[in-house]
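Enquirer:
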Amino acid sequence: MKRQTGIWIDTSKAIIVTLEGGKDEKISEIDSDVENSVYHDKEGNKGTFSGGHHGNSESKFENRKKEQLDFFIKEVLSYVKGADELFVFGPAETKIRLEQKIQDEKLFANKLKAVETADKMTLNEIVAKVKKFYVS
(Lines of atoms letter the chains of each structure in order from A and count residues from 1; the text may use other names and numbers.)
(Lines give C-alpha, C1' and ligand atoms only; values in the text may rest on other atoms or scores of the structure.)
Protein backbone atom coordinates (compact mmCIF):
# COMPACT_ATOMS: atom_id res chain seq x y z
CA MET A 1 0.00 0.00 0.00
CA LYS A 2 1.42 3.37 -1.08
CA ARG A 3 1.78 6.08 1.53
CA GLN A 4 1.18 9.44 -0.16
CA THR A 5 1.86 12.56 1.87
CA GLY A 6 1.04 16.23 1.33
CA ILE A 7 2.69 18.95 3.40
CA TRP A 8 1.30 22.48 3.61
CA ILE A 9 3.98 24.56 5.32
CA ASP A 10 4.73 28.12 6.36
CA THR A 11 6.84 29.57 9.18
CA SER A 12 4.10 29.13 11.79
CA LYS A 13 3.08 25.49 11.20
CA ALA A 14 3.01 22.47 8.94
CA ILE A 15 -0.13 20.49 8.17
CA ILE A 16 0.62 16.96 7.04
CA VAL A 17 -2.01 14.90 5.22
CA THR A 18 -1.15 11.23 4.71
CA LEU A 19 -3.20 9.01 2.42
CA GLU A 20 -2.87 5.26 2.94
CA GLY A 21 -3.71 3.42 -0.27
CA GLY A 22 -5.41 6.56 -1.58
CA LYS A 23 -8.34 6.22 0.83
CA ASP A 24 -7.72 6.57 4.57
CA GLU A 25 -6.43 9.97 5.55
CA LYS A 26 -4.46 10.99 8.59
CA ILE A 27 -4.04 14.68 9.40
CA SER A 28 -1.31 16.01 11.68
CA GLU A 29 -0.26 19.52 12.61
CA ILE A 30 3.21 20.53 13.74
CA ASP A 31 3.52 23.99 15.28
CA SER A 32 6.68 25.95 14.68
CA ASP A 33 8.72 27.86 17.26
CA VAL A 34 10.13 30.20 14.61
CA GLU A 35 10.09 33.80 15.84
CA ASN A 36 8.60 36.41 13.54
CA SER A 37 9.53 39.59 15.40
CA VAL A 38 12.85 41.42 15.47
CA TYR A 39 12.37 43.24 18.79
CA HIS A 40 13.28 41.27 21.91
CA ASP A 41 12.87 42.66 25.43
CA LYS A 42 16.34 41.69 26.59
CA GLU A 43 18.18 42.89 23.49
CA GLY A 44 16.79 46.41 23.26
CA ASN A 45 16.00 48.06 19.96
CA LYS A 46 19.39 49.65 19.22
CA GLY A 47 21.60 46.58 19.48
CA THR A 48 24.06 45.99 22.29
CA PHE A 49 27.47 47.45 22.99
CA SER A 50 30.33 45.45 24.40
CA GLY A 51 33.54 47.44 24.59
CA GLY A 52 34.47 48.45 21.03
CA HIS A 53 32.12 45.84 19.56
CA HIS A 54 28.56 46.66 18.56
CA GLY A 55 26.20 43.70 18.16
CA ASN A 56 23.15 44.22 16.01
CA SER A 57 19.98 42.59 17.37
CA GLU A 58 18.66 42.15 13.81
CA SER A 59 21.55 39.88 12.82
CA LYS A 60 21.14 37.91 16.07
CA PHE A 61 17.46 37.56 15.28
CA GLU A 62 18.14 36.38 11.71
CA ASN A 63 20.64 33.76 12.91
CA ARG A 64 18.25 32.54 15.60
CA LYS A 65 15.36 32.44 13.11
CA LYS A 66 17.46 30.41 10.63
CA GLU A 67 18.37 27.87 13.34
CA GLN A 68 14.73 27.62 14.46
CA LEU A 69 13.56 27.14 10.86
CA ASP A 70 16.17 24.41 10.26
CA PHE A 71 15.01 22.62 13.42
CA PHE A 72 11.35 22.94 12.35
CA ILE A 73 12.09 21.50 8.89
CA LYS A 74 14.01 18.57 10.41
CA GLU A 75 11.03 17.92 12.72
CA VAL A 76 8.63 17.86 9.75
CA LEU A 77 10.90 15.51 7.77
CA SER A 78 11.26 13.12 10.71
CA TYR A 79 7.46 12.98 10.87
CA VAL A 80 7.12 11.96 7.19
CA LYS A 81 9.99 9.44 7.06
CA GLY A 82 7.76 6.54 6.01
CA ALA A 83 6.18 8.34 3.06
CA ASP A 84 6.47 6.85 -0.43
CA GLU A 85 5.59 10.12 -2.18
CA LEU A 86 5.73 13.76 -1.04
CA PHE A 87 3.82 16.79 -2.28
CA VAL A 88 4.85 20.14 -0.73
CA PHE A 89 2.89 23.37 -0.97
CA GLY A 90 2.45 26.63 0.89
CA PRO A 91 3.11 30.37 0.80
CA ALA A 92 6.48 32.14 0.85
CA GLU A 93 9.88 30.51 1.08
CA THR A 94 9.52 27.87 3.79
CA LYS A 95 8.37 25.32 1.20
CA ILE A 96 11.54 26.04 -0.82
CA ARG A 97 13.73 25.52 2.23
CA LEU A 98 11.91 22.22 2.82
CA GLU A 99 12.41 21.25 -0.84
CA GLN A 100 16.15 21.94 -0.58
CA LYS A 101 16.41 19.86 2.59
CA ILE A 102 14.49 16.98 0.95
CA GLN A 103 16.86 17.05 -2.01
CA ASP A 104 19.86 17.04 0.36
CA GLU A 105 18.55 14.03 2.31
CA LYS A 106 19.40 10.67 0.71
CA LEU A 107 16.43 9.15 2.58
CA PHE A 108 13.96 11.05 0.38
CA ALA A 109 15.58 10.48 -3.02
CA ASN A 110 12.95 10.55 -5.80
CA LYS A 111 10.03 10.81 -3.34
CA LEU A 112 9.33 14.50 -3.93
CA LYS A 113 6.69 14.70 -6.66
CA ALA A 114 5.91 18.44 -6.72
CA VAL A 115 6.33 21.78 -4.95
CA GLU A 116 3.62 24.40 -5.48
CA THR A 117 2.78 27.85 -4.21
CA ALA A 118 -0.46 28.04 -2.26
CA ASP A 119 -1.94 30.78 -0.08
CA LYS A 120 -3.35 30.34 3.40
CA MET A 121 -5.86 27.52 3.27
CA THR A 122 -8.43 25.94 5.56
CA LEU A 123 -7.87 22.39 6.72
CA ASN A 124 -10.58 21.12 4.35
CA GLU A 125 -8.95 22.92 1.40
CA ILE A 126 -5.56 21.39 2.26
CA VAL A 127 -7.00 17.86 2.44
CA ALA A 128 -8.90 18.37 -0.82
CA LYS A 129 -5.76 19.66 -2.58
CA VAL A 130 -3.70 16.65 -1.46
CA LYS A 131 -6.41 14.20 -2.57
CA LYS A 132 -6.78 15.96 -5.92
CA PHE A 133 -3.02 15.92 -6.48
CA TYR A 134 -2.69 12.18 -5.93
CA VAL A 135 -5.90 11.17 -7.74
CA SER A 136 -5.14 13.07 -10.95
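Going by my numbering, the first residue of the sequence shown is number -2, and it counts up by one from there.
Yeah, the Cβ is synthetic: ideal placement off N, Cα and C, and Gly gets one too.
List the endpoints of the continuous alpha helix (DSSP H) containing Ala115.
Expert: Per DSSP, Ala115 belongs to no alpha helix (DSSP H) and is neither H nor E.
Enquirer: Please determine if the stretch 89 to 106 and the stretch 125 to 132 are in contact, where contact requires at least 3 C-beta pairs separated by less than 8 Å.
Expert: no
Enquirer: Exposed or buried, which one is Phe86 when buried takes at least 16 other CB atoms within 10 Å?
Expert: buried
Enquirer: Once you ignore the five residues that flank Thr114 on each side, which residues in its own chain have a CB closer than 8 Å to its CB?
Expert: Phe86, Gly87, Pro88 and Lys92
Enquirer: Please look up how many angstroms separate the CB atoms of Ser29 and Phe69, rounded, as I've assumed it's under 8 Å.
Expert: 5 Å
Enquirer: What separation, rounded to the nearest whole angstrom, lies between the Cα atoms of Ala111 and Glu17?
Expert: Answer to the nearest angstrom: the Cα atoms are 19 Å apart.
Enquirer: Considering only the beta carbon of each residue, do Val124 and Ile24 sit closer than 8 Å?
Expert: yes
Enquirer: Using DSSP with H/G/I as helix, E/B as strand and the rest coil, what is Asp67?
Expert: helix
Enquirer: When DSSP labels each residue in this structure, what does Thr91 get in the three-state scheme?
Expert: helix
Enquirer: Alpha helix (DSSP H) containing Gly120: first to last residue?
Expert: It should be pointed out that residue 120 corresponds to Leu in this sequence rather than to Gly. Leu120 to Val132 is the span of the alpha helix (DSSP H), which, as asked, contains Leu120.
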